[in-house]
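Each residue of the sequence shown is one higher than the last, beginning at 1 in my numbering.
Cβ atoms here follow ideal geometry from the backbone N, Cα and C, with glycine treated the same way.
Have a look at the structure below, then the notes.
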Amino acid sequence: MSQELASQIPVLYEDNHLLGIVKPVNIPTQADVSGDPDLLTLLKEDIKERYNKPGNVYLGLVHRLDRPVGGAMIFAKTSKAASRLSEAVRSRSFRKIYAAVVHGRLPAPRGTLRDMLLKDPKTNTVSVVKAGTPGAKEAVLDYEVLGTDGSFSLVRVELHTGRSHQIRVQMNQAGCPLYGDQKYGSRVNKPGQQIALWSVLVGFPHPVTKEDVVLTSLPPAEHPWNLWSDTVLERLRDDL
């Protein structure tokens, strides 16, 4: 069953150093307490099977997507690639762009959100706190509203920091919780709704060749994404 699931994961890019895929929704990035099949293990098993590799397969986790979030994601196939990509993340030469459908209207067509976030590991929740709060970390993102439909807005988000639940928390703080987000938007969302957050693009210098690598993925043509035309959704990848 796990091999069948792994074979259904779309591959965006692969060479001897990297594996870029489209993460399916509702699969954890790595093993967690749920015990459900996780992406990292599935991909390792798939590489082992496809290349008939003996022993353990190395696959390095460079960045994470929350369990309910899908879209473009990159993994490192060697420890050297993992180290160099991790350095790209630290130096902010690793681009991460997301699409989100949010409730309401943001204060401006485009802008920057800056907040201090504090994570509570016991509850796995993140809150906005005052500057100077022990353990708090700055979270920065740029956003652009690409369209509105009824009470919803389609937003392109570029992360400049990689804090846990960052987009979900900052959009909620701005008064625009994500569609389907039960954790930070339960007051406006119904149980069972799929969170509308998608990793549209990851971009980085190749860890060996140094050439720019850009992986893109558009959200599925289902509600609420299909409130907007394909032309509007394609703009998620424009000017990148």
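- Across the set E138, L154, A136, the C-alpha of L154 shows the shortest separation from the C-alpha of E144.
- By the criterion of a C-beta distance shorter than 6 angstroms, I97 is surrounded in its chain by E158, V200, L201, once the five residues flanking it on both sides are discounted.
- Distance from the CA of L218 to the CA of A108, rounded to the nearest whole angstrom, comes to 24 angstroms.
- Leaving aside the five residues that flank V214 on each side, the residues in its chain whose CB is nearer than 6 angstroms to its CB run, in chain order, G203.
- With contacts defined by Cβ atoms closer than 9 angstroms, R156 and A139 do not form a contacting pair.
- When the five nearest sequence neighbours on each side are left out, the beta carbons in the same chain lying within less than 6 angstroms of the beta carbon of Q193 are those of G180, in order along the chain.
- Using a 10 angstroms sphere on the CB of R163, the tally of other CB atoms reaches 16 or more, which defines it as buried.
- R168 is positioned such that its CB atom lies closer than 9 angstroms to that of L197.
- K48 and P54 have their C-alpha atoms spaced approximately 7 angstroms apart.
- Of the candidates S127, G147, T161, A100, the residue whose Cα lies closest to the Cα of V69 is A100.
- In this chain, the beta strand (DSSP E) harbouring A99 covers 95-103.
- Distance between I27 and D38, taken at the CA atoms: about 6 angstroms.
- Taken in chain order, the unbroken stretches of beta strand (DSSP E) that lie wholly in the segment 192-219 and span 3 residues or more are 197-205, 212-216.
- A direct Cα-to-Cα measurement between E234 and L146 gives close to 10 angstroms.
- Following the DSSP letters along the chain, one finds Y51 inside the alpha helix (DSSP H) bounded by residues 39-51.
- Here E87 carries a helix assignment [DSSP, helix/strand/coil].
- Shown here, K80 sits in a helix according to DSSP, grouped into three states.
- Between L106 and the set V33, S229, I74, L178, the nearest pair of CA atoms involves L178.
- Rounded to the nearest whole angstrom, the CA to CA distance from T41 to E14 is 17 angstroms.
- Beta-bridge annotation (DSSP): V145 is paired with V155.
- In terms of Cα proximity to Q8, the closest of V25, N16, L18 is V25.
- DSSP places E14 inside the beta strand (DSSP E), whose first and last residues are 11-14.
- Around W228, the same chain offers G147, L154 as residues with beta carbons nearer than 6 angstroms, after the five sequence neighbours per side are excluded.
- In the same chain as S86, and ignoring 5 residues on each side of it, the C-beta atoms closer than 7 angstroms to its own belong to V62, in chain order.
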